[in-house]
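Enquirer: In this note's numbering, the protein residues as written are 84 to 409.
Shown next as structure tokens:
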């Protein structure tokens, strides 16, 4: 049996600039981090020629084309595994609709597990690139490419998306005390709302492809915030990072009517009144996890608990996808 561990992620700045319709014309920049919440993919040979896929459902089929789980099916097609295996996926936390990049994490992890099963050592860049091909080119999902890359590489990383399609991954060079401050002061709370971001992302993709002036201005602004936040962190100024998070959220929620809600705005304002310097919904918006940067943990945790929000404590992951057992 082979077991692969692949991290979920939190995205800080630059979301939307990782859409090909944008960065192939303007260049993109995203700052994000993998976290120590994982999706595990296991793969082992069966005694017969059937394919068994286990997730929230169980599928037992004779041919790859019969598999309903799109990400597993297309990963099998790409790696040309077509019979006699059993694959399962499981996560540390319920991740579908969370905004933590779970679909891309599953795809990267599945590809990694399948290549390990075939005896191939595949670098992170290839795993990310092939996961993008599955989700964007084959399945036509209206998403960017940051999630696949952070799942593959891990770390607190700045990704630059070049006009020629190249992706440059640069780990941030933070003073060690700034790294600890950032990790300690970022708090993550589950809103209780799982959401499908497809409509928000499809609208963004359409408006970007049509060169909508307002959308392009918004994306250029958040790209600039990403560059500024990286500079702040590498100088050790985590307070400025938190302030930029607030600026980013205030700007981002004007991008789409589905980005936030009256309830989420109420929770965000409560957080700001109780020690949060800045924050945002993680992911495309609409629900999932609400993240704050604070230097007053006790007051913020108390306020959020009083509002009924559950905290998910985390640390950064610096390894990316890896084989745990083979």
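Ideal Cβ placement from N, Cα and C applies to all residues, glycine included. Since this is a predicted model, take the numbers as computed values, not measurements.
Using C-beta distances below 8 Å, list every residue in its chain close to residue 383, excluding the 5 sequence neighbours before and after it, in chain order.
Expert: Translated into positions along the chain shown, residue 383 becomes position 300. Result list for residue 383: 270, 354, 357, 358, 359, 375 and 377, in chain order.
Enquirer: Give me the residue from 171, 159 and 254 with the minimum Cα distance to residue 140.
Expert: Indexing the chain shown from 1 puts residue 140 at position 57. Ranking the options by Cα distance to residue 140, first place goes to 171.
Enquirer: Would you kindly work out how many angstroms separate the C-alpha atoms of residue 221 and residue 157, rounded to a whole number?
Expert: Residue 221 sits at position 138 when you count from the first residue of the chain shown. Residue 157 sits at position 74 when you count from the first residue of the chain shown. Rounded to the nearest angstrom, the two C-alpha atoms are 8 Å apart.
Enquirer: I need the boundaries of the beta strand (DSSP E) containing residue 230, first residue and last residue.
Expert: The residue labelled residue 230 in the question sits at position 147 within the chain shown. Per DSSP, residue 230 belongs to no beta strand (DSSP E); it is in the alpha helix (DSSP H), 229 to 236.
Enquirer: Looking at the secondary structure, which residues open and close the alpha helix (DSSP H) in which residue 328 lies?
Expert: As a first step, residue 328 is located in the chain shown; it is residue number 245 there, counting from the start. Per DSSP, residue 328 belongs to the alpha helix (DSSP H) from 321 to 335.
Enquirer: So, helix, strand or coil for residue 138, using DSSP?
Expert: For this step, residue 138 is matched to residue 55 along the chain shown. DSSP places residue 138 in coil when its eight states are reduced to three.
Enquirer: List the whole-angstrom C-beta distance separating residue 272 from residue 349, where the pair is believed to meet the contact cut-off of C-beta under 8 Å.
Expert: In the chain shown, the residue the question calls residue 272 occupies position 189. In the chain shown, the residue the question calls residue 349 occupies position 266. Between residue 349 and residue 272 the Cβ distance is about 13 Å, and since that is not below 8 Å, they are no contact.
Enquirer: Roughly how many angstroms lie between the CA atoms of residue 286 and residue 295, to the nearest whole one?
Expert: Position 203 of the chain shown, counted from the start, is the residue given in the question as residue 286. Position 212 of the chain shown, counted from the start, is the residue given in the question as residue 295. Cα-Cα distance, rounded: 11 Å.
Enquirer: Give the straight-line distance between the Cα atoms of residue 143 and residue 191, rounded to the nearest whole angstrom.
Expert: For the purposes of this step, residue 143 is taken as the residue at position 60 of the chain shown. For the purposes of this step, residue 191 is taken as the residue at position 108 of the chain shown. Their backbone Cα atoms lie some 22 Å apart in a straight line.
Enquirer: Do residue 229 and residue 214 have their beta-carbon atoms positioned less than 7 Å apart in this structure?
Expert: Sequence index remark: in the chain shown, residue 214 carries index 131 (1-based). Sequence index remark: in the chain shown, residue 229 carries index 146 (1-based). No, the pair does not count as a contact, with Cβ atoms beyond the cut-off.
Enquirer: Do residue 397 and residue 118 have their beta-carbon atoms positioned less than 7 Å apart in this structure?
Expert: Within the chain shown, numbered from 1, the residue matching residue 118 stands at position 35. Within the chain shown, numbered from 1, the residue matching residue 397 stands at position 314. For residue 118 and residue 397, yes; Cβs fall inside 7 Å.
Enquirer: Whose CA, out of 298, 266 and 365, lies closest to the CA of residue 322?
Expert: Looking up residue 322 in the chain shown gives position 239. Out of 298, 266 and 365, 266 has the C-alpha closest to the C-alpha of residue 322.
Enquirer: Tell me the DSSP secondary structure of residue 155 in three-state form.
Expert: As a working mapping, residue 155 is identified with position 72 in the chain shown. Helix, per DSSP.
Enquirer: Grouping DSSP H, G and I as helix and E and B as strand, with all else coil, what is residue 85?
Expert: Your numbering for residue 85 matches position 2 in the chain shown. Looking at residue 85 - three-state DSSP - the assignment turns out to be strand.
Enquirer: Touching or not, the region 307 to 326 and the region 118 to 130, by the rule of three or more beta carbon pairs under 8 Å?
Expert: Too few Cβ pairs lie closer than 8 Å, so no.
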